[in-house]
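Peer 1:
Residue numbers (full-length UniProt numbering): 1 to 159.
1. Roughly how many angstroms separate the alpha carbons of residue 143 and residue 63, rounded to a whole number?
2. Work out the CA separation of residue 85 and residue 74 for me, nearest whole Å.
3. Is the beta carbon of residue 99 closer than 9 angstroms to that of residue 114?
4. Below 6 angstroms CB to CB, which residues in the same chain sit around residue 66 once its five sequence neighbours on both sides are set aside?
5. Helix, strand or coil: which one does DSSP assign to residue 102?
6. Let's test the definition: count the other Cβ atoms within 10 Å of the Cβ of residue 129 and tell me whether it reaches 16, buried, or not, exposed.
7. For residue 49, is the classification buried or exposed, using 16 other Cβ atoms within 10 angstroms of its Cβ as the cut-off for buried?
8. Determine the contact status of residue 135 and residue 43, defining contact as a CB-CB distance below 9 angstroms.
9. Can you give the Cα-Cα distance for residue 53 and residue 35, rounded to whole angstroms?
10. Which residue marks the beginning of the alpha helix (DSSP H) containing residue 39, and which one marks its end?
11. For the alpha helix (DSSP H) holding residue 50, just list the boundary residues, first then last.
12. Spatial neighbours of residue 159 within its chain, please: CB distance less than 8 angstroms, with the 5 preceding and 5 following residues excluded, ordered by chain position.
13. List the whole-angstrom C-beta distance separating residue 79 from residue 102, where the pair is believed to meet the contact cut-off of C-beta under 8 angstroms.
14. Please state the DSSP three-state secondary structure of residue 18.
15. Going by beta carbon distance, what residues of the same chain come within less than 8 angstroms of residue 157, once the five residues before and after it are set aside?
Here you go:
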């Protein structure tokens, strides 16, 4: 079993713990039962997204020029074409042929179930079932660029 695969069960636990904050409960109540993606992104918390990113750091880096691990570096990934964020990472043909760009909406679909969106992907992560967790993570990813929102990611996630 790969090192990354042994950490996957920890992802679910980390997401569960992160989802238990008081602010999170208030945001969920304000959103109602079936919020749309734009509603979720309106209340998305990039700092919480940075905490949720913690387990992702087992495979991905987030600093400019930090390179790749088992997965590609994610600095400046939002707005880039799939399979082109790293020149060194060995993306699958399935991901490289996807086309388009990593928009927040597309990242939401990807983070829900990567292998469903792109059969043949090498990403062994099962996905994030909670829409607010995904929105927070996407908001965090949006801060990871030279022209980002200016909000600094938490130091523990910025590896």
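Backbone N, C-alpha and C define an ideal beta-carbon position, used for all residues, glycine too.
Peer 2: Taking the geometry as given:
1. Against the chain shown, residue 143 aligns to sequence position 143. Against the chain shown, residue 63 aligns to sequence position 63. In a straight line, the C-alpha of residue 143 is about 11 angstroms away from that of residue 63.
2. The residue you call residue 74 lines up with position 74 of the chain shown. The residue you call residue 85 lines up with position 85 of the chain shown. Computed Cα separation, rounded: 7 angstroms.
3. Reading the chain shown from its first residue, position 114 is the one you call residue 114. Reading the chain shown from its first residue, position 99 is the one you call residue 99. The answer is no: Cβ separation not under 9 angstroms.
4. Here residue 66 corresponds to residue number 66 of the chain shown, with the count starting at 1. 73, listed in sequence order.
5. Here residue 102 refers to the residue found at position 102 of the chain shown. Three-state DSSP puts residue 102 in coil, outside helix and strand.
6. Taking the first residue of the chain shown as position 1, residue 129 is located at position 129. So residue 129 ends up on the exposed side.
7. Sequence index remark: in the chain shown, residue 49 carries index 49 (1-based). So residue 49 counts as buried.
8. Against the chain shown, residue 135 aligns to sequence position 135. Against the chain shown, residue 43 aligns to sequence position 43. Contact flag set, yes.
9. The residue given as residue 53 occupies position 53 in the chain shown. The residue given as residue 35 occupies position 35 in the chain shown. Distance between the alpha carbons of residue 53 and residue 35 is about 22 angstroms.
10. Against the chain shown, residue 39 aligns to sequence position 39. Here the alpha helix (DSSP H) through residue 39 covers 37-42.
11. Position 50 of the chain shown holds residue 50. Run containing residue 50: 46-52, per the alpha helix (DSSP H) assignment.
12. Looking up residue 159 in the chain shown gives position 159. Residue placement at residue 159 cannot be trusted, given a pLDDT of 39 that sits under 50; the coordinates are not used to answer.
13. As a position in the chain shown, residue 79 is number 79, starting the count at 1. As a position in the chain shown, residue 102 is number 102, starting the count at 1. At roughly 7 angstroms, the Cβ-Cβ gap stays under 8 angstroms, so residue 79 and residue 102 are in contact.
14. Residue 18 sits at position 18 when you count from the first residue of the chain shown. Confidence at residue 18 is low in this model, with a pLDDT of 48, below 50, so the placement of that residue should be treated as unreliable; the coordinate-derived value is given next. Of the three classes helix, strand and coil, the one that applies to residue 18 here is helix, per DSSP.
15. As a first step, residue 157 must be located in the chain shown, where it is residue number 157. Residue placement at residue 157 is flagged as unreliable, the pLDDT there being 40, under the threshold of 50; a coordinate-derived value is accordingly withheld.
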